[in-house]
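Presented below is the structure to which this report refers.
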Amino acid sequence: MFSLLGGIFLGWSLGANDAGNVFGSAVGAILGVGIVKGINTVSRQTLANVLIGWFLTPVIATFIAIGLYFAIHLRYVPKP
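Going by the working numbering, the sequence shown opens with residue 419, and the numbers climb by one from there.
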């Protein structure tokens, strides 16, 4: 646990400002250790939730960005 926290801190301190990369690497490392110890140690439900999150996050962020773009660029046009 301490090495994981140390790795996350080291990643941030070296300029890895993208938290997704830092935590993605941490999840991948934990999954890799779990597979080496035996596939039965890996929680399939947790793994499925992480994978779903990895795929849905960019999609949801895209829709939020599009919505914000249109909300910022709205123009009020009064009725004549």
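Beta carbons are placed, not taken as given, at the ideal position from N, Cα and C, and that holds for glycine.
Assign LYS497 to one of three DSSP states: helix, strand, or coil.
coil
Could you spell out the range, first to last residue, of the alpha helix (DSSP H) harbouring ASN467?
462-490
For THR464 and ILE448, what's the separation of their Cα atoms in angstroms?
12 Å
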